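Novice: Numbering (my numbering), first residue to last: 462 to 687.
Glycine residues also receive a C-beta, built at the ideal position from the N, C-alpha and C atoms.
Here the structure is a predicted model, which is why all the values come from computation and not from measurement.
So that we are looking at the same thing, I have put the structure below in C-alpha cells.
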C-alpha cells in the first residue's frame, strides 16, 4: 500500500500559519491576556483536532479516553506554548506531546489490567469508529484504505501487540504518512532509530498476520531512503 505524503509546499504553508498563531498566543500571554490567548489558540485546536483525535484513537480505542487525551495534549501545548520553536513544525511538536500522553495512558491501563484487551468495543466505541469510517470515505487519506479494509480489526489488534515505540512509529509513518525525519522529530529519536523500530515492527506484524502484507512495500521504500 502506498502512503500519500503531504506536499512540502502545503506543509510549509500550514506550518507558517501555525507559527503565526502561536506567536500571537505568546504575545497575548506576555501581556497577561489569557482569555484572548485562549481564543487565538482555539484556532490551532480547530486546525489539528481531527488529526489528533484520529492518532489518539489508534492508541486508546475508547472514545471517552481519546477525548480526554486530546484535550490534555492541547492544554499542555497551550501551557507550554512559549517553549515552541519554529525550527520544529507545530504539528510535529504537538504530536510529540500527544503521542507521549497516549503512551502514558496505555502504560497506566496496562498496570491496571495487567494486559490490554483491544478486541472488544462497546456500542459507543463502534458508533464512534463507524463515524471515523464515514468521514474517511468522504475525505481520502493515507489511513482511509486501512479503516475500510476487511482485515482492519486483525491489523489493529496486531499493532496493539507491538512495543510502545514500534507502535508509535507504525502509526505515524504507515497510518499518518509522515516521513522518517518527521517521525524522528515527533518521537525525539534519531532517524536511524526510527528505521530500526519500523523494520522490527514490520517483521513482527508480518509474523503475527501470517501473510505477505502491504508493510513489505513500505519497508522497501523506507530502506531505499536509508
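#1: Applying the criterion that 16 or more other CB atoms from any shown protein chain within 10 Å of the CB defines a buried residue, is residue 479 buried or exposed?
#2: Should residue 474 be labelled buried (16 or more other beta-carbon atoms within 10 Å of its own) or exposed?
#3: How about the stretch 622-632 and the stretch 654-661: do they share at least three Cβ pairs that are nearer than 8 Å?
#4: Apply the 10 Å Cβ neighbour rule to residue 540 and answer buried if 16 or more other Cβ atoms are within range, or exposed otherwise.
#5: Rank 658, 566, 470 and 641 by C-alpha distance to the C-alpha of residue 519 and give the top, closest one.
#6: Between 546, 522, 561 and 549, which has its C-alpha nearest residue 533's C-alpha?
#7: Do you know offhand how far residue 494's Cα is from residue 670's?
#8: Can you find the residues in the same chain that come closer than 8 Å, C-beta to C-beta, to residue 626, ignoring five residues on each side of it along the sequence?
#9: Which ranges does the beta strand (DSSP E) cover as unbroken runs of at least 3 residues, wholly within the stretch 473-526, from first to last along the chain?
#10: Pick out whichever of 556, 621, 491 and 624 has its Cα sitting closest to the Cα of residue 645.
#11: Considering only the alpha carbon of each residue, which of 570, 504, 619 and 510 lies closest to residue 664?
#12: What does the alpha-carbon distance come out to for the pair residue 554 and residue 624?
#13: I'd like to know whether the C-beta atoms of residue 538 and residue 516 end up nearer to each other than 8 Å.
#14: Can you list, in chain order, the residues of its chain whose CB lies under 7 Å from that of residue 563, leaving out five sequence neighbours each side?
#15: Since I believe residue 552 is in contact with residue 476 (beta carbons under 8 Å), could you give me their beta-carbon distance rounded to a whole number of angstroms?
#16: Can the beta-carbon of residue 486 be found closer than 8 Å to that of residue 502?
#17: Is it true that the CB of residue 545 sits closer than 8 Å to the CB of residue 483?
#18: Find the nearest neighbour of residue 504 within the set 635, 492, 481 and 514, judged by alpha-carbon distance.
#19: From this set, 470, 635, 489 and 637, which residue's C-alpha is nearest residue 543's C-alpha?
#20: Is it buried or exposed, residue 682, if we count other Cβ atoms within 10 angstroms and call 16 or more buried?
#21: Report the three-state DSSP secondary structure of residue 636 (helix, strand or coil).
Specialist: On the basis of the coordinates in this document:
#1: That one is buried.
#2: That one is exposed.
#3: Verdict: yes, contact present.
#4: Here residue 540 is exposed: its Cβ has fewer than 16 other Cβ atoms, across all protein chains shown, within 10 Å.
#5: Closest option to residue 519, Cα to Cα, is 566.
#6: Comparing Cα-Cα distances from residue 533 to each of 546, 522, 561 and 549, the minimum goes to 561.
#7: Each residue's Cα considered, the two are about 53 Å apart.
#8: Excluding residues within five positions, the ones whose Cβ falls inside 8 Å are 648, 650 and 658.
#9: The beta strand (DSSP E) runs lying completely inside the stretch 473-526 and spanning 3 residues or more number zero.
#10: Closest by alpha carbon: 556.
#11: Nearest option by C-alpha distance: 619.
#12: Taking the straight line from one Cα to the other gives about 22 Å.
#13: Not a contact, by the Cβ cut-off of 8 Å.
#14: Excluding residues up to 5 positions away in sequence, 517, 520, 521 and 530 lie with their Cβ nearer than 7 Å to the Cβ of residue 563 in the same chain.
#15: Sure, about 7 Å apart at Cβ, within 8 Å.
#16: Contact annotation: residue 486 and residue 502 have beta-carbon atoms nearer than 8 Å.
#17: In this structure, residue 545 lies closer than 8 Å to residue 483 by Cβ.
#18: It is 481 whose Cα lies nearest to the Cα of residue 504.
#19: For the set 470, 635, 489 and 637, the Cα lying nearest the Cα of residue 543 is the one of 489.
#20: For residue 682, the predicted model reports a pLDDT of 47, less than 50, meaning its position is unreliable; a value from the coordinates is still stated below. Taking all protein chains in view, the Cβ of residue 682 is surrounded by fewer than 16 other Cβ atoms within 10 Å, so the residue is classified as exposed.
#21: Here residue 636 sits in helix by DSSP.
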